[in-house]
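Novice: Heads up, the sequence shown is in the working numbering, so the first residue is -7 and it goes up one at a time.
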Amino acid sequence: MNSLLSWRTAAVCLLTLMTTGLWAEEEDYRAIPSSISRVHLFDGQALLLRTTTLDLPAGRIRLAFEDLPEKLLDQTARLRLKGSSDLRLLDLRVETVVEKEFRTQEAEAAEKELKAAEQELREVTALYLAQVEQRKALSSIDLKPSGEDKPLISVDRWKHIFGFVDSSLTRINSRINELLGRIDNARRRLEIALTVAERYKSHRETRRKTVVVDLEAPRAGSYDIALEYGVEDAGWFPHYRLTLEESRSSSPSVKLTTAVYVYNETGEDWSDAKLTLSTADLTNPSRLPELSRWTIASVIRPDSTRVARSDRGLESNVAQAADEEAPAGYYEREKKKDAPSPEPSTSYKPAPKKAMEQQQRMEQSVNDVRGFYNKNLADVKEELADQKAREARDLMEDFRESVNEQENYYNKRDYSNARTHATRTLDIIQRLSTSEKQKFKREIEQAKQIRAWSYEMEQTKKLKRQLTAPGKQVPGDFSMDAPLKISVTSDGVFRSVFISENRYNASLSYEVSLNRNPGAYLTANIQYSDKQALLAGPVDIYYGEDFGGTSRHPMVAPGERYDLNLGKDPDIEISREDRQYETSEGLFGGRRAVRYQEEFTIHNRRSYAISLDLYGAIPRSADDRINIENIKVSPTPAHQEDNGIMRFKLNLKPGAREKIKLEYQLIHDRDVIPVMANEGGSR
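1) Less than 9 Å between the C-beta atoms of D59 and T202, yes or no?
2) Between the C-alpha atoms of L556 and L459, what's the straight-line distance to the nearest angstrom?
3) May I have the straight-line CA-CA distance separating I683 from K454, to the nearest angstrom?
4) Ignore the nearest five residues each way along the sequence and tell me which others in T45's own chain have a CB closer than 8 Å to its CB.
5) Is the region 516 to 523 close to the region 490 to 503, with three or more CB pairs under 8 Å?
6) How about the region 38 to 58 and the region 229 to 239: do they share at least three Cβ pairs that are nearer than 8 Å?
7) Whose CA, out of P627, R639, N596, lies closest to the CA of K645?
8) Please name the residue in G511, R587, A528, E389 whose C-alpha comes closest to that of I566.
9) Measure the CB-CB distance between Y502 and T515 and report whether it falls below 9 Å.
10) Using only the alpha-carbon positions, how far apart do I659 and R583 sit?
11) In the DSSP assignment, find the unbroken beta strand (DSSP E) run with E375 in it and report its ends.
12) For D570 versus Y588, is the C-beta distance shorter than 9 Å?
13) Are G51 and E208 close, meaning C-beta to C-beta below 9 Å?
14) Ignore the nearest five residues each way along the sequence and tell me which others in R405's own chain have a CB closer than 8 Å to its CB.
15) For the region 456 to 486, which segments carrying the beta strand (DSSP E) assignment without a break, of at least 3 residues, lie completely within its bounds, in sequence order?
16) So if DSSP puts W262 in a beta bridge, which residue, or which two residues, is it bridged to?
17) Taking 9 Å as the threshold (beta carbon to beta carbon), is R583 in contact with chain D?
18) Determine the burial state of D469: buried for a count of at least 16 other Cβ atoms within 10 Å of its Cβ, exposed for fewer.
19) Shortest alpha-carbon distance to H631 belongs to which of R167, D605, S339?
20) Assuming the contact rule is C-beta atoms closer than 8 Å, P462 and F229 should be a hit. Round their C-beta distance to whole Å, please.
21) Hey, could you find the ends of the alpha helix (DSSP H) N635 is sitting in?
22) In terms of residue numbering, what span does the beta strand (DSSP E) encompassing E590 cover?
23) Hey, R179 and L113: beta-carbon distance below 9 Å or not?
24) Over what stretch of residues does the beta strand (DSSP E) that includes Q572 continue unbroken?
25) Give the range of the beta strand (DSSP E) segment to which S626 is assigned.
26) To the nearest angstrom, how far is the alpha carbon of E397 from that of E389?
27) What separation, rounded to the nearest whole angstrom, lies between the Cα atoms of E655 and S603?
28) In the DSSP assignment, the alpha helix (DSSP H) including R72 goes from what residue to what residue?
29) Relative to the alpha-carbon of V485, which residue among N256, A102, L418 has its alpha-carbon at the smallest distance?
30) Determine, using beta-carbon pairs with one atom in the region 368 to 375 and one in the region 158 to 166, whether at least three such pairs fall under 8 Å.
31) Indicate whether R30 and A265 have their beta-carbon atoms separated by less than 9 Å.
32) How about Q37 and L267: do their beta carbons lie closer than 9 Å?
33) Determine the extent of the alpha helix (DSSP H) in which L418 is found, giving its start and end residues.
34) I'd like to confirm the pairing. Which residues does DSSP put opposite Q657 in its beta bridges?
35) Using alpha carbons as the reference points, say which of R362, E493, S357 lies closest to R233.
36) Closest to R54 by C-alpha separation, out of D83, L33, D78, would be which residue?
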């Protein structure tokens, strides 16, 4: 086994040295530090600008922007130089770099604990087996004489020896029970150590991108360089907050706060960057149509095969002849001319020698210890040696399954199941002792993060379903700048970014439908005076500091006057009282007459006068057997339509009350049952 391990280690070292040499030959560039200074957000994509200032020598030099996200769109990468710069760009290419991630320090600690747990179990098992052999030897002593032989020792001596054997067996059995308990504890420790060590058997590969540029500097000096590139999975949505102060009049100024929800799942964080918002498509901008390259080849036909051709089928014959008679390799060369550029190269960064050796050693150790552990379970089968250990095996099996599921679901963006399994992982770890929990610090932190992120992402997804992408609202390009720099982590969670806050003149009016549950709905007619258009999005309504609900803000052009529904106002109280009774017209004969009275009381509890438009309705008969007569309405409606809907206009002073009464009589045969449909008023 040792020779096999040595052979594997030597092979890994040789491979590492070879790979390192190849990487060193390829890595002939100078890695430069840079920071994201501007983020241009589109609908689902972002254009980033990385800037840096370098001291360069005269002549040619190769520079590299390293550790860029895998979601970088290769065709968007370009170098931006100042107009006055005399740097010359010779070449630019994008490479994908695959690197293995190792947690060497944690793995070393896990391996050390694994070895210690194994050694403890070996030692206590050896003590146990020695006691078992000693018990077996003492139990085999036979002090009884055989047949009629005289005893070799006296009775007193025999009793003394028997007592010694009996007491020795008692002590050995007690010692064995103690050792079985220690074996149980050692097995539990080893089971947990194996679970932790198995997490370090494998490594994780990360794929990042590097942009390599070849430059030529005419002279040594300091140069400003910027790399621009697009990335996927970033975007924005507009939202608003409208505040009406309690001390306002019926023609107040309203405060409108404009903001945007920004999300970033690009694979790199943005820190202290300027933000520009756009509705355009980064990778598919509007442009003039382009024609593809079109060529026709010609060859001289040999005399032996030259024949007259009829006009019929000439087009297909020409195409066939071109295929058959074009020079060898002609079409392959033509295809290469119009073919897209080749895929970017992929390089594999060599892993550190120490990390590779550590992983190989860990894998071998886990396999060896697992084999020893299984053999130990088979050798020592007593129940006392497998109580806490069996509980640990069940817990660790559930733990491994739960951890894998939480990571799989989170990577698939199934946040509900990811949160469920993260909670389960924490519950499993909670059942361990305090010292055992210390070995799962990383898993505890990871599960807490996944649970928190999953909850936030669930809320983000719910909110996202209610939003309209800005690119679907405006044809062409609509853009605006955020006044403040932003910092956004690449976790996909919505973050609100402030854009502007202004006051606008508005007039308030109320609209009421006199139905079963009447309410006064406030509408603000706002004069928008800014030059920047507003996109559609949700708007939170506040009455002073009190939240009044969420409405929908329309798309608004500069200088436009528009209506915004502000929701139901609880300070405009509307009560309804219904009465009905059979009148004298229906007390005799075969017909029934019922009088209906509806009385609405409107109470203005605001500190200022208000105006209301109220819509009520008197029913219309849809059946010739039902008559509607003796209609009375108070006050007189401002407008009445043929379908029975009426509009009332009321002006109420602070604290004032007004009543609206609707009255009518329903007359029908007694065997007819009226069916009310669509009761109440509405526009």
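Using N, Cα and C, we set each Cβ at its ideal position, and we do this for glycine too.
Specialist: In short:
1) For this step, residue 59 is matched to residue 67 along the sequence shown. For this step, residue 202 is matched to residue 210 along the sequence shown. Yes, the pair counts as a contact, with Cβ atoms nearer than the cut-off.
2) Taking the sequence shown and counting its residues from 1, the one referred to as residue 556 is at position 564. Taking the sequence shown and counting its residues from 1, the one referred to as residue 459 is at position 467. L459 has its alpha-carbon roughly 17 Å from the corresponding atom of L556.
3) An answer regarding residue 683 cannot be provided, because it is not within the stretch -7 to 675 covered by the chain.
4) As a first step, residue 45 is located in the sequence shown; it is residue number 53 there, counting from the start. Taking T45 as the centre and dropping the five residues before and after it, the same chain places the C-beta of S214, Y215, D216, I217 closer than 8 Å to its C-beta, in chain order.
5) yes
6) no
7) In the sequence shown, the residue the question calls residue 645 occupies position 653. Measuring from the Cα of K645, the nearest candidate turns out to be N596.
8) To locate residue 566, count along the sequence shown from 1; it is residue 574. Checked all of G511, R587, A528, E389; the closest Cα to I566 is G511.
9) By 1-based counting over the sequence shown, the position of residue 502 is 510. By 1-based counting over the sequence shown, the position of residue 515 is 523. Yes; because the gap between Cβ atoms is below 9 Å, this pair is in contact.
10) To locate residue 659, count along the sequence shown from 1; it is residue 667. To locate residue 583, count along the sequence shown from 1; it is residue 591. Spanning the two alpha carbons is a distance of roughly 7 Å.
11) On the sequence shown, position 383 is the one that residue 375 refers to. Run containing E375: none; DSSP gives neither H nor E here.
12) Position 578 of the sequence shown holds residue 570. Position 596 of the sequence shown holds residue 588. Result yes, Cβ atoms of D570 and Y588 sit closer than 9 Å.
13) Taking the sequence shown and counting its residues from 1, one reaches residue 51 at position 59. Taking the sequence shown and counting its residues from 1, one reaches residue 208 at position 216. Against a cut-off of 9 Å, the Cβ pair of E208 and G51 comes out as a contact.
14) Sequence index remark: in the sequence shown, residue 405 carries index 413 (1-based). Contacts found: M449.
15) 471 to 473, 478 to 480
16) Within the sequence shown, numbered from 1, the residue matching residue 262 stands at position 270. Looking at the DSSP output, W262 bridges to V480.
17) Protein chains in the displayed structure number just one, and chain D is not present.
18) Taking the first residue of the sequence shown as 1, we reach residue 469 at position 477. The residue in question, D469, is exposed, as its Cβ has fewer than 16 Cβ neighbours within 10 Å.
19) Working through the sequence shown from its first residue, we reach residue 631 at position 639. Checked all of R167, D605, S339; the closest Cα to H631 is D605.
20) Taking the first residue of the sequence shown as 1, we reach residue 462 at position 470. Taking the first residue of the sequence shown as 1, we reach residue 229 at position 237. 7 Å between Cβ atoms; contact.
21) Working through the sequence shown from its first residue, we reach residue 635 at position 643. First-last for N635: undefined, no H or E at that position.
22) To locate residue 590, count along the sequence shown from 1; it is residue 598. First-last of the beta strand (DSSP E) with E590: 583 to 596.
23) Taking the sequence shown and counting its residues from 1, one reaches residue 179 at position 187. Taking the sequence shown and counting its residues from 1, one reaches residue 113 at position 121. Yes, Cβ-Cβ distance for R179 and L113 is below 9 Å.
24) As a first step, residue 572 must be located in the sequence shown, where it is residue number 580. For Q572, the enclosing beta strand (DSSP E) begins and ends at 564 to 574.
25) The residue labelled residue 626 in the question sits at position 634 within the sequence shown. S626 -> beta strand (DSSP E) spans 618 to 626.
26) Here residue 397 refers to the residue found at position 405 when the sequence shown is read from its first residue. Here residue 389 refers to the residue found at position 397 when the sequence shown is read from its first residue. Rounded to the nearest angstrom, the two C-alpha atoms are 12 Å apart.
27) Here residue 655 refers to the residue found at position 663 when the sequence shown is read from its first residue. Here residue 603 refers to the residue found at position 611 when the sequence shown is read from its first residue. In a straight line, the C-alpha of E655 is about 24 Å away from that of S603.
28) One-based indexing of the sequence shown puts residue 72 at position 80. Run containing R72: none in the alpha helix (DSSP H); it sits in the beta strand (DSSP E), 64 to 73.
29) Your numbering for residue 485 matches position 493 in the sequence shown. If we check each option's Cα against that of V485, N256 comes out closest.
30) no
31) Taking the sequence shown and counting its residues from 1, the one referred to as residue 30 is at position 38. Taking the sequence shown and counting its residues from 1, the one referred to as residue 265 is at position 273. Taking C-beta atoms as the reference points, R30 and A265 count as a pair closer than 9 Å.
32) Taking the sequence shown and counting its residues from 1, the one referred to as residue 37 is at position 45. Taking the sequence shown and counting its residues from 1, the one referred to as residue 267 is at position 275. Contact: no.
33) The residue given as residue 418 occupies position 426 in the sequence shown. 407 to 422 is the span of the alpha helix (DSSP H), which, as asked, contains L418.
34) On the sequence shown, residue 657 is found 665 positions in, with the first residue counted as 1. Answer by DSSP bridge pairing, in chain order: R587, E621.
35) Here residue 233 is taken as the residue at index 241 of the sequence shown, counted from 1. Nearest neighbour of R233 by Cα position, chosen from R362, E493, S357, turns out to be E493.
36) If you number the sequence shown from 1, residue 54 lands on position 62. Taking only the C-alpha atoms, the option nearest R54 is D83.
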